[in-house]
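Per numbering that gives the first Met the number 0, the sequence shown runs over residues 0 to 92. Backbone N, C-alpha and C define an ideal beta-carbon position, used for all residues, glycine too.
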Amino acid sequence: MILNPILSGGGGGGAQTVVGTCTLEDTFGQTQSVPIYQGFPPLDMVAVFNTAYDVEQTNAETAEYINWAALESGDYVFYRGVQDGDRFREKMI
Numbered sequence: 000m001i002l003n004p005i006l007s008g009g010g011g012g013g014a015q016t017v018v019g020t021c022t023l024e025d026t027f028g029q030t031q032s033v034p035i036y037q038g039f040p041p042l043d044m045v046a047v048f049n050t051a052y053d054v055e056q057t058n059a060e061t062a063e064y065i066n067w068a069a070l071e072s073g074d075y076v077f078y079r080g081v082q083d084g085d086r087f088r089e090k091m092i
């Protein structure tokens with residue numbers, strides 16, 4: 000998995016630890032559960048959304064968008080500081 004080196008501290012040998020789930024609502028109103036990973040400091044809790052759309056948090060504004068230009072292929076959106084139960088939705092640009 001491409002995200003393994005990022006979330007396991009760069010070594011690539013450790014598995015990501017799932018510490019909760021958040022919900023992503025797509026542009027059609029369908030929801031899916033997305034795992035929240037424990038990253039290495041300072042990434043803390045990271046959610047990776049597999050979407051070509053922008054994503055916004057809907058229940059609060061506690062999570063922070065991460066701009067990882069080296070990984071952005073138009074298919075992934077990264078947020079840190081995500082808490083168990085947080086809700087997000089896709090938004091059209």
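Next item on the list: Check whether the Cβ of Ala46 lies closer than 8 Å to any heavy atom of the ligand FAD, and answer yes or no.
Entry: You won't find the ligand FAD in this model; it holds no ligand whatsoever.
Next item on the list: On the DSSP bridge assignment, give the partners of Met44 in chain order.
Entry: If you number the sequence shown from 1, residue 44 lands on position 45. Answer by DSSP bridge pairing, in chain order: Gln37.
Note to self: Buried or exposed for Tyr64, going by 16 or more other Cβ atoms inside 10 Å?
What the structure shows: For the purposes of this step, residue 64 is identified with residue 65 of the sequence shown, where counting begins at 1. That one is exposed.
Next item on the list: With Thr16 as the anchor, note down where its beta strand (DSSP E) starts and where it stops.
Entry: Here residue 16 refers to the residue found at position 17 when the sequence shown is read from its first residue. Thr16 to Glu24 is the span of the beta strand (DSSP E), which, as asked, contains Thr16.
Note to self: So, under 8 Å CB-CB, Thr20 and Ile35 are touching, yes? Tell me the CB distance rounded to an integer number of Å.
What the structure shows: By 1-based counting over the sequence shown, the position of residue 20 is 21. By 1-based counting over the sequence shown, the position of residue 35 is 36. Yes, Thr20 and Ile35 are in contact; Cβ-Cβ is about 6 Å, under 8 Å.
Item checked: 9 Å Cβ cutoff met for Asp161 and Ala59 -> Look at the range of the chain in this structure, 0 to 92, and you will see that residue 161 is not part of it.
Item checked: Gly80 to Val45 span [Cα, whole Å] -> One-based indexing of the sequence shown puts residue 80 at position 81. One-based indexing of the sequence shown puts residue 45 at position 46. Their backbone Cα atoms lie some 6 Å apart in a straight line.
Next item on the list: Have a look at Leu2 and Asp43 and give me their C-alpha separation to the nearest angstrom.
Entry: Here residue 2 corresponds to residue number 3 of the sequence shown, with the count starting at 1. Here residue 43 corresponds to residue number 44 of the sequence shown, with the count starting at 1. Confidence at Leu2 is low in this model, with a pLDDT of 46, below 50, so its placement is unreliable and no value can be given for it.
Notebook entry, point to check: What number of angstroms, rounded off, separates the C-alpha of Gln82 from the C-alpha of Ala51?
Noted result: Indexing the sequence shown from 1 puts residue 82 at position 83. Indexing the sequence shown from 1 puts residue 51 at position 52. Answer to the nearest angstrom: the Cα atoms are 23 Å apart.
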